[in-house]
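Student: Take a look at the following structure, please.
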């Protein structure tokens, strides 16, 4: 090797090390965000309960709705660790712990593939792609331990299977894993697939050279079979015995096997292809790993292919599984590319690039690595210096470490405890875990994030409550003796429900802030409480902001805008506009404030004033769903149907998973006398959100108007099958059958 190339190799190695350091810092910083995840509080409270009571719960203890239903707490060990770290070290140490765990997961993944210095940049580049594809799951949960253990399995099965040490380490990892998280099943799965693959290699049933590819020697194969047996047996060493060991299979058959409602409404359970944003790096990993298989078709490792297909399937169908595919795709792609570079004859890299000179390859690698280093510097710097303003405390806070203010109904929980509000509480899905942490054992929740525990039927019932199905509300609240309701006032899912309780004489508003509304049932037992705490929002006075306190900082006036939206949803136009105008004093370019002002004017038939406000909203944020809905509704009201159609089409293109966008588009098509397109749009809306009764009603009415009584009948029956407003839909069916009889 000449001195010139030796110097280039050293420089390449140094740049590779810098890149690796930057990558691991990037992972650590992205795992160091302030606490925002809703489920962490359930884990902390459960850990506290286990430590204080010296027992692991086997039935539900947190809700008022499950009546001591059997609960397999598969994450009990991590919950104890989380609680102890949080209790003695605060939120920052809990965040540090999760950052360390995830960083080590990527470190072991890297070490599982990396062998030679000359491949450092290649492996680092693939690791970068894997990190980007996995960033979706960077949050603080017991799942972090599954990611670490999964990475350790890859590392040991690839590098140390020949060693007797694996007979100790893998079962030990599995013992901790089975008591840490429900994904422990991936350990025996990987060991089992590797064992079966070796068996197939010896059977002479495989094509080409598959039987020879990565064939284990006799000692390693014996170790592998022993490891598989041991990790399977270790799964039964948990507080629930065979029930704990079989827990993943139980979840699969009971949750996925039904309608899978959770997989339609909960963001982390949505299919990756339906996710609200496209994860390009994930699809690049799919393409690269598939290309590696195709380029090495005659020497495929059957174990790799089987596991790749499995992890691709579960990641494509549920986005929370994406990290496991990413890790395995990294292994396959990096390993395949390294082998491709090492082949001297018929090198597929040379075939693709036309045998480039060695210097050209150096320059190409340097260009890639320098761009990557600068990207990492900017990304890490951005995270370190990202800030936002906290109005109540008049201070600026970074997005790293601590607990995010405003993400949880903290003040509403304080109010419930301080005023001893009556049980039982109705709450939203996302707030359940936090309320468990704050209110248990004094109060129990209606619902929380343990989807497998509540089941499909319960969640369907909950969805009908959110859509203000009055029969369901009355029946459910009577069944569980609900006396207190806590809602997120700004939530799109709960705005109609908030309005229902606000206007319902059987309920009294007793608490209000920029994010929460609390109602108490009007009955003789609660009368003294409601008389004392009743709030009259019609008398609300907007608090003027002291601009001098903010100074020259660019501040987003979210508390004012959030209150304005709540007032708007509740029909209090004057209060909504007052809060929005105060927000514009803080940030004159805030589009949401103009949207609220415009919608309030629009509601009052003041169209000129409404258009001026909505025009400004569009100037400042033209692609915002809120702005597009505001403009589309304005054009519909002023009978400019072609303009509204253009706006709603744009809305559906920008937000293809937003059911209401297609519902609004259908309204425009109806006004344009395009029934066929209106039907298509309504069907899409129903597919995206099958619990909106008015979608079915409007679709059925379209078919009735078109004299297609058979289709209308099917639509109304579908609504009844979903349990939606049965009284109304049975009435519509009867009317439809009368029309059918009259037609005959």
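In our numbering, the protein residues as written are 12 to 755.
Glycine included, each C-beta is placed from N, C-alpha and C at the ideal position.
Quick check on residue 411: does DSSP put it in helix, strand or coil?
Tutor: Three-state result, residue 411: strand.
Student: Can you tell which of 593, 563 and 396 has the C-alpha that lies nearest to the C-alpha of residue 574?
Tutor: 593
Student: Along the beta strand (DSSP E) that carries residue 518, what are the first and last residues, could you check?
Tutor: 518-523
Student: Provide the residue span of the beta strand (DSSP E) that contains residue 530, from first to last.
Tutor: Start and end: 527-532.
Student: Could you tell me the alpha carbon to alpha carbon distance between residue 23 and residue 377, rounded to whole angstroms?
Tutor: Answer to the nearest angstrom: the Cα atoms are 7 Å apart.
Student: Is it true that the region 563-580 meets the region 604-615, where meeting means three or more beta-carbon pairs spaced less than 8 Å apart?
Tutor: Contact between the region 563-580 and the region 604-615 is present, because at least three Cβ pairs lie under 8 Å.
Student: At which residues does the beta strand (DSSP E) containing residue 498 begin and terminate?
Tutor: 495-499
Student: Please specify which runs of the beta strand (DSSP E), each continuous and at least 3 residues long, are wholly inside the region 381-469, giving them in chain order.
Tutor: 398-401 and 406-409
Student: Comparing alpha-carbon positions, which option in 34, 746, 747 and 750 lies nearest residue 389?
Tutor: 34
Student: By the DSSP assignment, the alpha helix (DSSP H) with residue 553 in it spans what residues?
Tutor: No alpha helix (DSSP H) holds residue 553; DSSP gives it neither H nor E.
Student: Looking at residue 156 and residue 112, is the spacing between their C-beta atoms short of 8 Å?
Tutor: Cβ distance < 8 Å, so residue 112 and residue 156 count as in contact.
Student: Any contact between the region 419-433 and the region 533-546? By contact I mean 3 or more CB pairs, one from each, below 8 Å.
Tutor: yes
Student: According to the neighbour-count rule (16 or more other Cβ atoms, all chains shown, within 10 Å of its Cβ), is residue 55 buried or exposed?
Tutor: buried
Student: In whole angstroms, what separates the C-alpha of residue 511 from that of residue 487?
Tutor: When rounded, the distance between both Cα atoms is 16 Å.
Student: Within the region 604-647, note down every full alpha helix (DSSP H) run reaching 4 residues or more, in order along the chain.
Tutor: 618-631
Student: Can you look up residue 659 in the DSSP assignment and give me helix, strand or coil?
Tutor: helix
Student: Ignore the nearest five residues each way along the sequence and tell me which others in residue 641's own chain have a CB closer than 7 Å to its CB.
Tutor: Contacts found: 606, 609, 610, 625 and 628.
Student: Cβ atoms of residue 446 and residue 424: under 8 Å apart, would you say?
Tutor: Result yes, Cβ atoms of residue 424 and residue 446 sit closer than 8 Å.
Student: Measure how close the beta-carbons of residue 670 and residue 681 come, nearest whole angstrom, since I'm counting them as under 8 Å.
Tutor: 17 Å between Cβ atoms; not a contact.
Student: Using CA coordinates, which residue listed in 507, 26, 704 and 209 is at the minimum distance from residue 130?
Tutor: 26
Student: In or out: residue 32 buried (at least 16 other Cβ within 10 Å) or exposed?
Tutor: With fewer than 16 other Cβ atoms inside 10 Å of its own Cβ, residue 32 counts as exposed.
Student: Alpha helix (DSSP H) containing residue 156: first to last residue?
Tutor: Where residue 156 is concerned, the enclosing alpha helix (DSSP H) stretches over 154-170.
Student: Are the beta-carbon atoms belonging to residue 134 and residue 94 less than 8 Å from one another?
Tutor: no
Student: Assuming residue 420 contacts residue 526 under a Cβ cut-off of 8 Å, what Cβ separation, rounded to an integer in Å, is found between them?
Tutor: 6 Å
Student: Of all the options 280, 253 and 700, which has the alpha carbon lying nearest to the alpha carbon of residue 475?
Tutor: The closest CA to that of residue 475, considering only 280, 253 and 700, is found on 700.
Student: Could you please give me the residues that DSSP links to residue 46 through a beta bridge?
Tutor: BP columns for residue 46 point to 414.
Student: Count the other CB atoms within 10 Å of the CB of residue 192; is the residue buried (16 or more) or exposed (fewer)?
Tutor: buried
Student: At which residues does the alpha helix (DSSP H) containing residue 250 begin and terminate?
Tutor: Careful: residue 250 lies outside any alpha helix (DSSP H) and carries neither H nor E.
Student: Just verifying my parser: in three-state terms, what is the DSSP assignment at residue 214?
Tutor: coil
Student: My output table needs one value for residue 66: the three-state DSSP class, helix, strand or coil.
Tutor: coil
Student: Rounded to whole angstroms, what is the Cα-Cα separation between residue 709 and residue 589?
Tutor: Near 35 Å, if we compare the C-alpha coordinates of residue 589 and residue 709.
Student: Look up residue 75 in the DSSP assignment and say whether it is helix, strand or coil.
Tutor: Three-state DSSP puts residue 75 in coil, outside helix and strand.
Student: Note down the Cα distance separating residue 208 from residue 242, rounded to an integer number of angstroms.
Tutor: The C-alpha of residue 208 lies about 17 Å from the C-alpha of residue 242.
Student: Using CA coordinates, which residue listed in 251, 703 and 469 is at the minimum distance from residue 66?
Tutor: 251
Student: State whether the region 41-51 contacts the region 87-107, with contact taken as three or more CB pairs (one from each stretch) at a distance under 8 Å.
Tutor: Enough Cβ pairs lie closer than 8 Å, so yes.
Student: Nearest-angstrom Cα distance between residue 521 and residue 585?
Tutor: If you take the alpha carbons of residue 521 and residue 585, they lie about 21 Å apart.
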